[in-house]
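What follows is a short report on a single structure.
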Amino acid sequence: MLSGVFGLHQVVDSGSLSFVIIDGSTVQEPGATETTYRLHIAIDLISLTLRQVEVSTDKIGESLDHYVLESGDVVLIDRGYNQPKSLVPFIDRGGDIVLRYNAHSMNLYELDEHGKMIKIDWETKLQRLGKQAGAIPVYLCHDTKRIACTVHAVPLPAEKSGASLA
């Protein structure tokens, strides 16, 4: 089986773009044995300036809902943000995403030969690619919305090829 690293993005077709790197991290107070706070950071990729910093309790996970994002923003996010409930509304507002896709935490879909939306079987899909990189058309779905996107599957280096998709 071929393992892969995935990126998901919607076609960027807006005029003025702003590239934003978003990530979250855990923080421990001195002497603590567990997470005390979560830090949510957005950095402007072009100017390398902080765009937004939020501190929350340890119970608040990664989500685009923490950030003030606008039409024309292209966010670069990791697999912790694989949440259609926050991705789809952002895309609907004119934003675009590039993310490391985690097949174990977010389903993506394709149309079958009858035009029915079905969950993608990644093991089969990647086996068909062999050891080649490929662009795979997919749909990101939430509620009644479905957004056409592309997953760029890239084979892992030989030393990591037996690793999980996670």
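Using the working numbering, the letters of the sequence shown map in sequence onto residues 116 to 281.
All residues carry an ideal CB built from backbone N, CA and C; glycine is no exception.
Owing to the predicted nature of the structure, the values given are computational and were not obtained by experimental measurement.
I need the straight-line Cα distance from residue i to residue j, nearest angstrom please.
| i | j | result |
| --- | --- | --- |
| T150 | V142 | 6 Å |
| A250 | P270 | 12 Å |
| D258 | Q198 | 12 Å |
| R261 | I192 | 20 Å |
| A268 | R215 | 10 Å |
| R208 | T265 | 19 Å |
| G230 | A147 | 53 Å |
| R166 | L202 | 19 Å |
| L154 | V168 | 7 Å |
| S220 | R243 | 22 Å |
| Y182 | A157 | 8 Å |
| D188 | D180 | 14 Å |
| C256 | L241 | 21 Å |
In terms of residue numbering, what span does the beta strand (DSSP E) encompassing residue i cover?
| i | result |
| --- | --- |
| S133 | S133 to V142 |
| Q167 | T164 to T172 |
| L223 | Here L223 belongs to no beta strand (DSSP E), and DSSP marks it neither H nor E. |
Quick check on DSSP: helix, strand or coil for residue i?
| i | result |
| --- | --- |
| V183 | coil |
| E274 | helix |
| T150 | coil |
| E177 | coil |
| G210 | coil |
| L255 | strand |
| G230 | coil |
| L191 | strand |
| K110 | Outside the displayed range of the chain (116 to 281) lies residue 110, so it cannot be described from this structure. |
| V127 | Only weak support exists for where V127 lies, its pLDDT of 41 falling under 50; the coordinates are left without a value. |
Within the continuous alpha helix (DSSP H) that includes residue i, where are the two ends?
| i | result |
| --- | --- |
| I206 | P199 to D207 |
| L241 | W237 to L244 |
Skipping 5 residues on each side, what residues in its chain have a beta carbon closer than 7 Å to that of residue i?
| i | result |
| --- | --- |
| I235 | L223, Y224, E225 and V253 |
| E177 | G139, G195 and Y196 |
| D227 | I233 |
Give me the Cβ distance between residue i and residue j, rounded to the nearest whole Å; I'm assuming they're in contact under 8 Å.
| i | j | result |
| --- | --- | --- |
| I137 | V170 | Actually they do not touch by this definition, with Cβ atoms about 15 Å apart. |
| F134 | I161 | 6 Å |
| A218 | W237 | 5 Å |
Which same chain residues, not among the five before or five after residue i, have their C-beta less than 8 Å away from its C-beta?
| i | result |
| --- | --- |
| S186 | S129, R208, G209 and G210 |
| T164 | I158 |
Could you pull out every residue in the same chain whose Cβ sits closer than 6 Å to the Cβ of residue i, ignoring the five residues on either side in sequence?
| i | result |
| --- | --- |
| E144 | T151 |
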